[in-house]
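>
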DNA sequence: CTCAAGCCTGCACAGATATGCACGTGTGTT
DNA sequence: AACACACGTGCATATCTGTGCAGGCTTGAG
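Protein chains in written order, with the numbering used here: chain S, -9 to 114; chain W, -9 to 114.
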């Protein structure tokens, strides 16, 4: 139960039980950091639109993503580059067209959460 | 099926069906923006730790959050201020102690997704 | 009243980020 | 060969964001 690291053991807690419970909830700090990076990928409206489109429309070309989202193609390329570097998406070259698809299942799960909260707002 | 807004109808798509499908997946742009802001709250390791602690340990004091996460109390206050402004958390004052609790169910769901992916890494 | 604990705020600074522009590369067409 | 299309890259810029420091406010204890 004494989960407080000795580094900061000198601070005496208000509710020790709650503190240990909280530390349990946090878990491995490196895992937290990894998830924070994943969330950061979804934290931009443009990238989130791209990921939603990729999640729904499967393999899709860059220019079609630009057409669907309204983002300039250079910005789409930039965003896809970031997503590619992070391992979130995968590029499949087909002639002069490059089709992208979602690669990370964790991100797909997060997008599913988004989908369950009303994909289109009720027209009322 | 012609979901492409007239603003950018002059661009002719590579796969029109795919484009319309993607636009369906994106849905309301304002909803996307709202979710991007939610994701931004989880995009910082410190805030994510705080939210995990709040989600697990229920109402918890600020200094206990600082103790559990290892973040300086002023930074915790700053983060909680942002989370409060965004409606993610709620503050309940109790004497000179302020206990925070998670308020947004959408964020709780996202944290649940995090929990299902191995809360504590297997010890070898 | 005096003091400490718990918490909040304003300010300044360093770091990260998204965007647009111009340009380069490779592919298919005429 | 010449051209247009689809896509990627580098650079410069404006903006945002997280952090630490100093100080203030309220509450409870001595």
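By construction, the Cβ of each residue, glycine as well, lies at the ideal position given by its N, Cα and C atoms.
A quick note: this is a predicted structure, and the numbers were derived from the prediction, not measured.
State buried or exposed for residue -1 (chain W), treating a residue as buried only when at least 16 other CB atoms are found within 10 Å of its CB.
Against the second chain, residue -1 (chain W) aligns to sequence position 9. Exposed, because fewer than 16 other Cβ atoms sit within 10 Å of the Cβ of residue -1 (chain W).
> Taking the alpha carbon of residue 105 (chain S) as the point to measure from, which residue in W:17, W:-3, W:-7 has its own alpha carbon closest?
One-based indexing of the first chain puts residue 105 (chain S) at position 115. The residue with the shortest Cα to Cα distance from residue 105 (chain S) is W:17.
> Counting only Cβ pairs nearer than 7 Å, list the residues of chain W close to residue 15 (chain S).
In the first chain, residue 15 (chain S) corresponds to position 25, counting from 1. The answer, in chain order, is 42, 43, 45, 46, 47.
> Let me confirm a value: residue 59 (chain S) is counted as buried when at least 16 other C-beta atoms fall within 10 Å, else exposed. Which label applies?
Stepping through the first chain from its first residue, residue 59 (chain S) is reached at position 69. With 16 or more other Cβ atoms within 10 Å, it is buried.
> If you measure beta-carbon to beta-carbon, which residues of the stretch -1 to 31 of chain W are closer than 7 Å to chain S?
Cβ contacts with chain S come from 1, 3, 4, 5, 8, 9, 11, 12, 13, 14, 15, 16, 17, 18, 21, 22, 23, 25, 26, 29, 30.
> Is there a Cβ of chain W sitting closer than 7 Å to that of residue 50 (chain S), yes or no?
Here residue 50 (chain S) refers to the residue found at position 60 of the first chain. Yes, contact with chain W.
> For residue 68 (chain W), report the span of its alpha helix (DSSP H) as first-last.
Position 78 of the second chain, counting from 1, holds the residue named residue 68 (chain W). Where residue 68 (chain W) is concerned, the enclosing alpha helix (DSSP H) stretches over 63 to 75.
> Would you please state the rounded distance, in angstroms, between the beta carbons of residue 15 (chain S) and residue 42 (chain W)? I believe it to be under 8 Å.
Along the first chain, read from residue 1 onward, the residue named residue 15 (chain S) stands at position 25. Along the second chain, read from residue 1 onward, the residue named residue 42 (chain W) stands at position 52. About 5 Å separates the two Cβ atoms, so the contact holds.
> Along the chain, which unbroken stretches of the alpha helix (DSSP H) at least 4 residues long are found entirely within the stretch 6 to 37 of chain S?
Listed in chain order, the complete alpha helix (DSSP H) runs (minimum 4 residues) inside the stretch 6 to 37 of chain S are 6 to 16, 19 to 32.
> Taking the alpha carbon of residue 86 (chain S) as the reference point, which residue from W:-6, W:4, W:-5 has its own alpha carbon closest?
To locate residue 86 (chain S), count along the first chain from 1; it is residue 96. Looking at the Cα atoms, W:4 is the closest of the given residues.
> Just mark residue -5 (chain S) as buried or exposed, buried being the case when its beta carbon has 16 or more other beta carbons within 10 Å.
Reading the first chain from its first residue, position 5 is the one you call residue -5 (chain S). Under this definition residue -5 (chain S) is an exposed residue.
> Compute the Euclidean distance between the alpha carbons of residue 70 (chain S) and residue 61 (chain W), then round it to the nearest angstrom.
For this step, residue 70 (chain S) is matched to residue 80 along the first chain. For this step, residue 61 (chain W) is matched to residue 71 along the second chain. Cα to Cα, the separation comes out at about 33 Å.
> Just to confirm, is the Cβ distance from residue 35 (chain S) to residue 66 (chain W) under 7 Å?
Start at 1 with the first residue of the first chain, and residue 35 (chain S) comes out as number 45. Start at 1 with the first residue of the second chain, and residue 66 (chain W) comes out as number 76. At the C-beta level, residue 35 (chain S) and residue 66 (chain W) stay beyond 7 Å of one another.
> Would you say residue 35 (chain S) lies against chain W (beta-carbon separation less than 7 Å)?
Walking along the first chain from the start, residue 35 (chain S) turns up at place 45. It does; some Cβ of chain W falls within 7 Å.
> Smallest Cα separation from residue 63 (chain W): which of S:-8, S:1, S:-7?
As a working mapping, residue 63 (chain W) is identified with position 73 in the second chain. Closest option to residue 63 (chain W), Cα to Cα, is S:1.
> Could you compute how far the alpha carbon of residue 79 (chain W) sits from the alpha carbon of residue 37 (chain S)?
Locating residue 79 (chain W) in the second chain gives position 89, counting from the first residue. Locating residue 37 (chain S) in the first chain gives position 47, counting from the first residue. Using only the alpha carbons, I get a separation of about 26 Å.
> DSSP state of residue 78 (chain S), grouped into three classes?
As a first step, residue 78 (chain S) is located in the first chain; it is residue number 88 there, counting from the start. Note: residue 78 (chain S) maps to coil in three-state DSSP.
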